[in-house]
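Notes for the one structure printed next.
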Amino acid sequence: MKAVVYDHYGTVEQLHLEEMPLPTPKDNEALIKVHAASINDWDWGLLEGKPFANRVTSGLFDPKIRVLGSDIAGTVEAVGSSVTKFQQGDEVFGDLCQCGWGGFAEYVCAQENALTLKPASLSFKQAAALPQAGLLALQGLQHKGLIQAGQKVLINGAGGGAGSFAVQIAKSMGAEVTGVDRASKFEVMRKVGADHLIDYQTADFTQNGQQYDRILDCCAQRSIFDTNRSLNPGGIYSVMGGATGRIMQTLLLSPWLSMRNNKKIGIVLYKPNQGIMELIELIESGKVVPEIDRTYSLSEVPEAMKHFGRSEHQGKIVITMELNEPN
Numbered sequence: 463m464k465a466v467v468y469d470h471y472g473t474v475e476q477l478h479l480e481e482m483p484l485p486t487p488k489d490n491e492a493l494i495k496v497h498a499a500s501i502n503d504w505d506w507g508l509l510e511g512k513p514f515a516n517r518v519t520s521g522l523f524d525p526k527i528r529v530l531g532s533d534i535a536g537t538v539e540a541v542g543s544s545v546t547k548f549q550q551g552d553e554v555f556g557d558l559c560q561c562g563w564g565g566f567a568e569y570v571c572a573q574e575n576a577l578t579l580k581p582a583s584l585s586f587k588q589a590a591a592l593p594q595a596g597l598l599a600l601q602g603l604q605h606k607g608l609i610q611a612g613q614k615v616l617i618n619g620a621g622g623g624a625g626s627f628a629v630q631i632a633k634s635m636g637a638e639v640t641g642v643d644r645a646s647k648f649e650v651m652r653k654v655g656a657d658h659l660i661d662y663q664t665a666d667f668t669q670n671g672q673q674y675d676r677i678l679d680c681c682a683q684r685s686i687f688d689t690n691r692s693l694n695p696g697g698i699y700s701v702m703g704g705a706t707g708r709i710m711q712t713l714l715l716s717p718w719l720s721m722r723n724n725k726k727i728g729i730v731l732y733k734p735n736q737g738i739m740e741l742i743e744l745i746e747s748g749k750v751v752p753e754i755d756r757t758y759s760l761s762e763v764p765e766a767m768k769h770f771g772r773s774e775h776q777g778k779i780v781i782t783m784e785l786n787e788p789n
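Per our numbering, the sequence shown starts with residue 463, numbered consecutively.
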């Protein structure tokens, strides 16, 4: 089979297409013929080996995981002896970040508990775009309390993968949503339902005097003290990603600020594949639709990663397989 691999931390130049043996599933695994995969922030972080603390688990000097890609959608080719939920021919999808990654390949083995049956209403491309970004958005909006209808919600990074899901989920809960991102992403932000738009390149939402009941920060870059000023009393500020320094600042100062200001401030700890049935219900009801920016072939993964690294994507970047027959 063909797979995109890397052997050293660094830039996209480390990625290359390579012929690999077809994997054999363990007792609790299924062999998946991959039809589509999608790119997430974790793929970028693993490629670069940053932040350095992550290398404790991913490999101190060189990566232990040679094939990136956690979100996949495909067809079950074979199952291990203890697998009971799936059988050959089932169409499945899931996030493999806790069971070895490997999605940027024609075939991958995945643990049974990382997979869910793909709804017939979703294409493989849409299903591959869903797991990590969609669930991170859902978990972020449920962090420290549920949204009430009529509340004002600000989503920073609303034009990206998780952000485009978050806008739709917040709207499905009855929120008035303000989306923050670069102006080039305004079209997709309007498409997914944002009521108000802010271009972070020309305006600072922490300086305009507006306050919100909830702020979901997909790409924290501002001081927590500035963001705290934009939060209503009793409001919730949840950080899902961003600069390492800002994330650490939130981690260290959130208990003190939460107590002092009667606000709930913290970091969203992503739980892979948890809440997937709730997300599927939103998809099947038409309240949430995966927004796909661009599709690349397997051999174009380096170019796809470059596009991702420029932060120009609107929604998700999806990889499709050129060949899907075992060699």
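Cβ atoms here follow ideal geometry from the backbone N, Cα and C, with glycine treated the same way.
Query, Result
"Contacting residues, own chain, Cβ-Cβ under 6 Å from Asp469 (five flanking each side not counted)", "none"
"Between the CA atoms of Asp503 and Ser532 - distance to the nearest angstrom", "10 Å"
"Cβ-Cβ distance between Asp643 and Gly621 below 8 Å", "yes"
"Buried versus exposed call for Glu491 [16 or more other C-beta atoms within 10 Å across all chains shown]", "buried"
"Residue ranges of each beta strand (DSSP E) within the stretch 614-680, 3 or longer", "614-618, 638-643, 658-661 and 674-679"
"Gly542 versus Asp755 - alpha carbon distance", "35 Å"
"In DSSP terms, what Phe523 is bridged to", "Phe523 pairs with nothing; no bridge assigned."
"Exposure of Asn575, with buried meaning 16 or more beta-carbon neighbours within 10 Å", "exposed"
"Candidates Ala632, Val751 and Met651, of which the one nearest Ala611 by Cα", "Ala632"
"Contact set for His775: own chain, Cβ-Cβ below 8 Å, skip 5 residues either direction", "Gly622, Gly623, Asp755, Arg756 and His769"
"6 Å CB neighbourhood of Met635 in its chain, flanking five on each side removed", "Ile609"
"Assigned secondary structure, Pro581 (DSSP; H/G/I helix, E/B strand, else coil)", "coil"
"Per-residue DSSP class, three states only, for Arg756", "strand"
"Which listed residue (Gly748, Gly771 and Phe566) has its alpha carbon closest to that of Gly536", "Phe566"
"Pick from Leu659, Gln663 and Cys680 that is closest to Gln672, judged by C-alpha positions", "Leu659"
"Pro525 to Ile781 span [Cα, whole Å]", "22 Å"
"Three-state class that DSSP yields for Glu553 in the structure shown", "strand"
"Residues that DSSP places opposite Lys793 in a beta bridge", "Given that the chain is displayed from residue 463 to residue 789, the structure contains no residue 793 and the question cannot be resolved."
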